[in-house]
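Remarks on the structure that follows.
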Amino acid sequence: MRGIFAAGVLDAFLKEKFNPFDICIGVSAGATTLSGYLSNMYGRNMNIYTKYSTRAEFINIKRFLQGGDLLDLDWLWDISLREIELDIDKIIEYKGKYLVGVTNINTGNIEYIEPNKNNISRVVKASSAIPVVYRSPIEINGQKYADGGISDPIPVKEAYKRNAKNIIVIRSRPKDYRMTVSKSYYISKLILRDYPNLIYALGNRAKKYNESIDFIRRPPNNINILEINPPLDFKTTRFTTDLNILNNDYKIGLKKGKQAINQWYNSCEKFS
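Residue numbering for the sequence shown follows numbering that gives the first Met the number 0, beginning at 0 and increasing consecutively.
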């Protein structure tokens, strides 16, 4: 649900017709919000967060305790595609590359897939499929995948590997946030014991996250990175369903997105 911030940032970009990017990379909720941005559908992400993701059909603790999914991604994707149809053709026709990061549950490694018209729903859904709270990995081309944020939570180095020189990173945490190993990791180790490489990736996630922060703060000399963060008073957590909080934090994203456009042009001008 912290993706509500990115939803606001990207809607600000859409409102200003701001899309200077040769490549867009998304993992986890970022893959979903990017799909709404690249389909040029202002407000779609906001509607999904506030009108669908807050419902008991999606987040349901009782269902989880009875052996089901805490987050029913299948229901969310089916109803959102049916009621707010995603303009998939526009995404596929995008002039740049759209890459979605997914974690191979057998290797524990990140894989970046450029979705096509036939698999985009599965690919983007897989990138948000958090193990344990969504129990079934998603199969794509004979391989099983889960949340891309496990193995590469901030894919800024991937952008650099692909020769990006001017990079925007939209985060879901305040600027000073550093990740530590989650307490839920130890529960995950038990539940996911059949996937040792995935367990390793989960245990290594905080290290990868913090290394990406270090890269953003101290990039190579030939790279310009603009980091967009929610403020310290950002209240949305992973499972927030309070509409007042979500609406307010979306507006914060809108404001930050508008500010970022000016910062982008100024930083690129200085860099050049």
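No residue lacks a Cβ here, since even glycine has one placed at the ideal position from N, Cα and C.
Would you kindly report the start and end of the unbroken alpha helix (DSSP H) that includes residue i?
i      : result
Arg102 : Note that residue 102 is Thr in the sequence shown, not Arg. Premise fails: Thr102 lies in the beta strand (DSSP E), 96-103, not in any alpha helix (DSSP H).
Glu157 : 155-160
Val8   : 3-14
Asn209 : 195-216
Gly29  : 28-37
Ile129 : It is not in any alpha helix (DSSP H) - Ile129 carries neither H nor E in the DSSP assignment.
Ile186 : 183-190
Taking the beta strand (DSSP E) that residue i belongs to, which residues open and close that run?
i      : result
Lys116 : That residue, Lys116, is in no beta strand (DSSP E); it is neither H nor E in DSSP.
Asp146 : 142-146
Asn165 : 165-169
Asn223 : 223-227
Glu82  : From DSSP, Glu82 is part of no beta strand (DSSP E) but of the alpha helix (DSSP H) over 72-82.
Ile139 : 137-139
When the Cα atoms are used, what is the spatial distance from residue i to residue j?
i      : j      : result
Ile149 : Ala200 : 6 Å
Gly29  : Pro136 : 19 Å
Leu225 : Ala145 : 28 Å
Gln142 : Leu197 : 14 Å
Ile244 : Arg43  : 18 Å
Ser271 : Asn162 : Residue confidence is low: Ser271 scores 46 on pLDDT, short of 50, so the model does not pin down where it sits. Its coordinate-derived value is still stated next. For Ser271 and Asn162, the distance between alpha carbons rounds to 16 Å.
Lys14  : Phe63  : 39 Å
Thr102 : Val180 : 18 Å
Phe57  : Asn46  : 14 Å
Tyr97  : Lys16  : 18 Å
Asn108 : Tyr194 : 12 Å
Glu138 : Ser126 : 12 Å
Tyr133 : Ile78  : 17 Å
Glu110 : Asp248 : 31 Å
Asn18  : Arg192 : 43 Å
Trp76  : Val168 : 25 Å
Tyr48  : Asp68  : 18 Å
Asn105 : Asn223 : 35 Å
On a Cα-Cα basis, can you pick out the residue from the options that is closest to residue i?
i      : options                        : result
Ile190 : Val131, Tyr93, Lys116          : Val131
Lys263 : Pro152, Asn165, Arg216         : According to the sequence as given, residue 263 is Trp; it is not Lys. Closest by alpha carbon: Asn165.
Ser120 : Thr32, Gln258, Asn261          : Thr32
Lys116 : Asn105, Gly100, Ile90          : Ile90
Ile215 : Arg81, Glu157, Thr53           : Glu157
Val155 : Asp73, Met45, Asp213           : Asp213
Arg204 : Tyr184, Tyr111, Asn18          : Tyr184
Arg237 : Glu113, Gly107, Thr53, Phe12   : Thr53
Ala11  : Tyr176, Cys267, Ala259         : Ala259
Tyr176 : Arg192, Ile227, Lys188, Ile167 : Ile227
Val99  : Asp68, Ile167, Pro114, Thr240  : Pro114
Leu242 : Ile60, Asp88, Lys50, Asn261    : Lys50
Which word fits residue i, buried or exposed, when buried means at least 16 other C-beta atoms lie within 10 angstroms of its C-beta?
i      : result
Asp21  : exposed
Gly95  : exposed
Gly66  : exposed
Pro219 : exposed
Lys124 : buried
Ser27  : buried
Ile24  : buried
Ala128 : buried
Leu85  : buried
Arg81  : exposed
Ala55  : exposed
Pro152 : buried
Asp88  : exposed
Ile186 : exposed
Ile251 : buried
Are the segment 2-9 and the segment 254-263 in contact at 8 Å, needing three or more beta carbon pairs? Touching, yes, given that three or more Cβ pairs across the two stretches are closer than 8 Å.
Is there contact here, the segment 162-177 with the segment 222-239, by at least three beta-carbon pairs under 8 Å?
Cβ pair count under 8 Å is three or more, so yes.
* Quick check: the segment 36-55 against the segment 202-214, are there 3 or more CB pairs under 8 Å? -> Contact between the segment 36-55 and the segment 202-214 is absent: fewer than 3 CB-CB pairs across the two stretches fall below 8 Å.
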